[in-house]
Amino acid sequence: MNDTAIRYKDNLKKFFTDIRDDIKPRYLPIIVVKIALYDFFRPHDTHNLPAVREAQEAVSKELPDVVAIDSLKLPINYTTNEGINLDHGHFNTTTEITLGKWLAETYLSHFGQLL
């Protein structure tokens with residue numbers, strides 16, 4: 001993992017910890033959607049995307065009550081751009097709805113006892 005990804009991991013952990021410290025009580029369930037793409041103008045396999053995704057996964061394992069889900073499992077196709085918005089950098093409405101349902105299911109399966 002390169003320095004940028006290491007800093008990302010540390011910064012993400014600090015961000016989650018700081019938010020929890022600001023909230024009383026300090027318990028806050030968090031669901032991380034692992035990034036699928038983040039530079040609209042470069043191929044999708046550049047800029048250490050795997051290292052960032054690895055950092056997101058690591059944070060979900062190192063902090064309590066943080067769950068990671070993988071956005072690459074959404075119905076997207078980089079060849080046909082199915083599931084991707086016209087800007088080629090965001091999911092389209094259909095994919096966002098699918099993600100929203102997946103987030104709800106993830107919340108209920110991991111944190112539903114809080115309701």
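At position 111 of the sequence shown the residue is numbered 111 (the UniProt record's numbering), and the sequence of numbers has no breaks.
Beta carbons: idealized from backbone N, C-alpha and C, even for Gly.
Find the nearest neighbour of residue i within the set the options, judged by alpha-carbon distance.
i	options	result
V66	L28, T4 and I6	L28
S7	D18, I23, V52 and V32	Note on residue identity: the sequence assigns Arg, not Ser, to residue 7. Here the closest residue by C-alpha is V52.
F15	P25, E82 and L63	L63
E57	I76, P75, N77 and A36	A36
N77	T17, T95 and D21	T95
So what's residue i in DSSP terms, helix, strand or just coil?
i	result
A36	coil
N11	helix
D70	strand
I6	helix
I84	strand
I97	helix
I19	helix
D45	Caution is warranted here: a pLDDT of 48 is assigned to D45, below 50, making its placement in the model unreliable, and no coordinate value can be reported.
What does the alpha-carbon distance come out to for the pair residue i and residue j?
i	j	result
T79	A104	29 Å
L49	N11	16 Å
L99	D3	30 Å
G89	L115	34 Å
T106	V32	11 Å
S109	E82	28 Å
K9	A55	5 Å
F111	K13	20 Å
S60	I97	23 Å
T93	I30	23 Å
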